[in-house]
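> Each number in this note's numbering comes from the position in the sequence shown (counting from 1) with 2 added on. The beta-carbon is built from N, C-alpha and C at its ideal position, and this holds for glycine as well.
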Amino acid sequence: MSRLDEFTDRLAFRLDDFQRRACVALEAGHGVLVCAPTGAGKTIVGEFAVHLALAGGTKCFYTTPIKALSNQKYADLVAIHGAASVGLLTGDQSINSDAPVVVMTTEVVRNMIYADSRALQGLSHVVMDEVHFLADRFRGAVWEEVILHLEPSVRVVSLSATVSNAEEFGDWIQTVRGDTTVVVDEHRPVPLSQHMLVGTRMFDLFDSAADTPSPSKAARAQVNPELKRYIRHRVLTADDRGDRGQGRGRRGPPPRGGRRGGGARPPSRPDLVARLDREGLLPAIGFIFSRAGCDGALAQCLRSGLNLLTPPESQAVDEVVDRHLTELSPADEEILGVAEWRAGLRRGFAAHHAGLLPTFRHTVEELFTLGLVRMVFATETLALGINMPARTVALERLIKFNGEAHVDLTPGEFTQLTGRAGRRGIDVEGHAVVVWTPDLVPEEVAGLAGARTFPLRSSFQPEYNMAVNLIGRLGLAGSRELLNRSFAQFQADRSVVGEARKADEARRRLRKLDIELTGAAENRGLEPGVLEPDVDNPDSHDSYQGFLGYVQLREDIRRRERDLKFERRTANTQSTVADLAALKRGHVIGLHGGRHRGLAVVLEPAAQSVDPKPLVLSEDAWCGRVGTRDFVNPPQVLGNMRLPKHLDRRTGKGRRDLASALRSTGIEMPRGRSKKRAAAADDRELGRLRSMLRNHPAHRLDGNDELFRLAERRNRVVREIVSADRAIGERTSTLGVQFGRIVGVLTELGYLDGSGGRETSVTAAGHLLSRIYSESDLLVTECIRAGVWDALAPHELAAVVAAMVFEARRESYSGIDAMPGNAAQRDALARTVEIWREVTTVESRHRVDATREPDTGFSVAVSLWASGRSLTESLAAAGERGQLLSPGDFVRWNRQVIDLLEQIRLGVGADTRLAGSARAAVGAIRRGVVAAELR
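Rendered as structure tokens:
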């Protein structure tokens, strides 16, 4: 009997064709890449790798991108193979780590490889679940590092969502890993039906009269005509109601999309749930792209009186909830809102997002799997591999915030979300329901639903920790060779062919345009000008001859004007920085931008001069810090105001009294704006170019002449050629150039040594850096080397380390000026910021992206928590600093602080004072809700 036969004998179902093909290849000794839709059963191939390792007496690592998925997979494998055979390793959990099968996050196996861990001995298989994560711009490089570094004897099982360039990805894995079988399957085991909910009516998205039951992309574009007719009718009806409403005196702007009237409004969340319930489409997941939106949807359902469970089911919910809450104290339950959360669960509703306590999320996942939660309002993190399939997925909007801007969902994201619909072995088909709004066009939804795949793009970039680990293992030349084998370089080399083809085609078009332009210029009595400029002497006088010279002259004038404007803006910013840093307590200035205008008095001067942010109070009683972005022109001191030695700025009454005193000073805002002479008026070079323009023979031409249109077309083609040539140069050397710059920074700071003509080697400081896995790895190591954290108490160390890992979800200032605490804590943070500036100066010199500035938004909260204060006090303190932390965020950031503290402890040596403080800080943080999530 083969190993595959042994494996399938214990299964309650037959393998699909793609699963069998992948398992056969795996048993034959090949690596495999499996690309299949969400919910198709890819993980069966990973479980077969586990079976092979156990049967052969070897080891298997099962890696996942997120801890929640690791925890879930660990529970699944323990249920199959027993707790003695399966272990779990994440950044903050270690269970039976010497087991033959260990589930871990991908970063853990990467760190093992760099540390040359003994756990790698006997390793035969590594399963990389959700391997398409290598496209993630923040963490994707880890997946490539693991694939490149694993021993050739290790069989890699890569499991990916369906991507359009699976063959390209497979070609790369075959290149770097050897014999690898690529298995692609785009068939969904549970068919997916697409719908749109318009008001209270549900429509199929696609035309049911289409000839083919399984339509191609072209057929999918045939939107249901009945749906389109109803939407047109609904919009017209809504407009009519809006017009009548305005006639009755209704006020206010129309809602988004230009529509007015209740007829165009989408259904409320309770109405949506009730409709899904009537249609037999529960359980369902409603994806809402904000945490507040998920919580708001849950609150609406609770207020509606809707109940999806029977009394016996509610009692079963209580039993599950009680089991999960055993670690929480009554005080914690009150601050966490357990009573309200339980009330929703008892009626079949829940929210699921990263802001919830992990205990809450795990409870929701278990109840949903048991069928005791029928409707979950979730953010998109639920779609990242957590096994919570539903009968239906509902989408309220097709726009999300990506951290920088509101953007449309991509086809890949739409596929990932709707892939949760349809439970294999339970549902005949899954359902995706998009809620119609007036600004949503059905054809756009059809386009998303019809584009089933997305291309996989590498995000691989060399970084400091990676560089010292690579050089330590492979040497400088070997490191460069490994970078050349990355998927990023593999894709760049292939794309160069396409860019070269673009450049050749553009040059052919340029030659034709030059012939046309020459004839048109000669017909007007003008020379065409220099068609091939002198590359060695581009500023020669000949470059302005003829018509093309006239066009170039106009372009040079515009460029000079832009340069002068930029120089003036830069000088203005520098002057603003200097003036802000010079402001003293009691100075009165004027605010001209943002939400707060008028007079403002300085309450606290800025603590540092690089990016000064003094604390001010405006005449409308707003109190906050202002920086360069708040001023168009440098701030002007308009007068002085006497301030009491102990002023009250924390209460509303105190701020209002100060604002009243400010208005009573008699100081007034200056009227009008001072006019400064433009730099362009005094620039000799610009004057010379303008004089040449006026005297040029082509200056007599009408601006609408056909020659100018030909010249613009020519310029566009020239820009295409320049862009393609630049892309070719960048893509063939980007990784190598970036790596060289990283090496330059590390050499200057003493982490690498290549002096005396010796081969570049890693220094003692470099070995310390190689054990720090953090976004701010270089800054952390520099602070350790400088000894600025050595004398800190455990809670103070936790506060400073938190500034290395924390990053505010919203833009808010949390720098040194905003940092409270005792003198030791402030001094350590101030010195840390000084070291950060020194590091960024070196980085700037080597043209490396600057290390992120320390963010103290979580420092107060973790310092209080590590000092033994309550959860209520810690969360409240964070809120006072402008960082409104949810309980889930509080636990998550504490985990990251613990993770970095452990790295510091292991890196500096057990007998150092810093290691002792780090160990004590970890112990102080690991309590209460934090400890409950780490067990």
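Could you give the residue range of the alpha helix (DSSP H) that holds Arg157?
Run containing Arg157: none in the alpha helix (DSSP H); it sits in the beta strand (DSSP E), Arg157 to Ser162.
> Identify, in the order they occur along the chain, each residue of the same chain with its Cβ nearer than 6 Å to the Cβ of Gly288, setting aside the five sequence neighbours on each side.
So the qualifying residues of the chain are Phe379 and Ala396.
> Can you tell me whether Thr653 is helix, strand or coil according to DSSP?
In the structure shown, Thr653 sits in coil (DSSP, three-state: anything other than H, G, I, E or B).
> In this structure, how does DSSP classify Arg571 when only helix, strand and coil are distinguished?
Looking at Arg571 - three-state DSSP - the assignment turns out to be helix.
> From the DSSP output, read off the bridge partner residues of Gly592.
Paired residues: Leu601.
> For Thr642, which residues does DSSP report across the bridge?
Checking the sequence, you will find Asn at residue 642 rather than Thr. Answer by DSSP bridge pairing, in chain order: His589.
> Following the continuous beta strand (DSSP E) through His2, name the residue where it begins and the one where it ends.
Beyond the ends of the chain as shown, which are 3 and 937, falls residue 2; an answer cannot be given.
> Give the single residue among Val103, Arg271 and Ser99 whose Cα lies nearest to the Cα of Leu79.
Taking only the C-alpha atoms, the option nearest Leu79 is Val103.
> Of all the beta strand (DSSP E) runs that stay within the bounds of the segment 161 to 196, which reach a length of 3 or more residues?
Correct list: 182 to 186.
> Run the CB neighbour count on Lys75, radius 10 Å, all protein chains shown included, and call it buried at 16 or more, exposed below.
Classification for Lys75: buried.
> Kindly give me the distance between the Cβ atoms of Gly1 and Ile175, rounded to whole angstroms, as I take these residues to be in contact under 8 Å.
Here the chain comprises residues numbered 3 to 937, so residue 1 is not present and cannot be evaluated.
> Please state the DSSP three-state secondary structure of Gly357.
It is coil, neither helix nor strand.
> I'd like to confirm the pairing. Which residues does DSSP put opposite Leu617 in its beta bridges?
Answer is Glu606 and Arg627.
> Please report the distance separating the alpha-carbon of Ser218 from that of Val931.
With a pLDDT of 41 at Ser218, under the threshold of 50, the modelled position of that residue is not reliable, and no figure is offered here.
> Output needed for Pro272: all residues of its chain with C-beta closer than 7 Å, excluding positions within five of it in sequence on either side, in chain order.
Cβ within range, chain order: Gln302, Cys303, Ser306 and Leu308.
> Determine the contact status of Leu781 and Trp867, defining contact as a CB-CB distance below 7 Å.
No.
> Leu916 CB to nearest chain C CB: under 7 Å?
Of the chains in the structure shown, none is chain C; there is only one protein chain.
> Can you give me the C-alpha to C-alpha distance between Thr394 and Ala451, rounded to a whole angstrom?
Distance between the alpha carbons of Thr394 and Ala451 is about 15 Å.
> Sort out for me which residues DSSP pairs Arg711 with in a bridge.
Answer is none; Arg711 lacks a bridge partner.
> Considering only C-alpha positions, which residue in the set Gly41, His326 and Phe9 is nearest to Val26?
Nearest C-alpha to Val26: Phe9.
> Let me know the secondary structure DSSP gives Val844 once reduced to three states.
Reduced to three states, the DSSP call for Val844 is helix.
> Which residues in the same chain as Val719 place their Cβ atom closer than 7 Å to its Cβ, once the five residues preceding and following it in sequence are excluded?
Counting only Cβ-Cβ distances below 7 Å, and skipping sequence neighbours, we find Ala508, Arg511, Leu512 and Leu515.
> Going by beta-carbon coordinates alone, are Val128 and Ser160 separated by less than 7 Å?
Cβ atoms of Val128 and Ser160: not closer than 7 Å.
> Can you tell me where the alpha helix (DSSP H) holding Ser331 begins and where it ends?
Unbroken run through Ser331: none, as it is neither H nor E.
> What are the partner residues of Asp755, as DSSP defines its beta bridges?
Per DSSP, Ser763.
> Considering Val340, what are the terminal residues of the alpha helix (DSSP H) in which it resides?
Where Val340 is concerned, the enclosing alpha helix (DSSP H) stretches over Val340 to Leu347.
> If distances are taken between C-alpha atoms only, which option among His701, Ile927 and Ile591 comes closest to Val864?
Among His701, Ile927 and Ile591, the Cα nearest to that of Val864 is on Ile927.
> Taking the C-alpha atoms as reference points, what is the distance between Phe171 and Glu281?
Straight-line Cα distance between these residues: approximately 42 Å.
> Using DSSP's beta-bridge definition, name the partner residues of Thr66.
According to DSSP, Thr66 bridges with Thr107.
> Tell me which residues share the same chain as Glu169 and place their Cβ nearer than 7 Å to its Cβ, disregarding the 5 neighbours each side in the sequence.
Closer than 7 Å at the Cβ level, and outside the excluded window around Glu169, lie Val184.
> Going by DSSP in three states, Leu6 sits in which element: helix, strand or coil?
Leu6 falls in the helix class under three-state DSSP.
> Could you round the C-beta distance between Glu146 and Ser460 to whole angstroms and report it? I think they count as a contact, below 8 Å.
Indeed, because the Cβ distance is near 7 Å, the residues count as touching under 8 Å.
> Out of Val628, Lys655, Val724 and Glu445, state which residue places its alpha-carbon closest to the alpha-carbon of Asp227.
Note that residue 227 is Pro in the sequence shown, not Asp. Per the Cα distances, Glu445.
> Between Asn98, Ala729, Ala434 and Leu90, which lies nearest to Ser497 when the distance is taken from Cα to Cα?
The shortest Cα separation from Ser497 among Asn98, Ala729, Ala434 and Leu90 belongs to Ala729.
> Determine, using beta carbons only, whether Trp791 and Ala766 come nearer to each other than 7 Å.
Result no, Cβ atoms of Trp791 and Ala766 do not sit closer than 7 Å.
> Out of curiosity, what's the CA-to-CA distance linking Arg651 and Leu887?
If I take the Cα positions, the gap works out to 23 Å.
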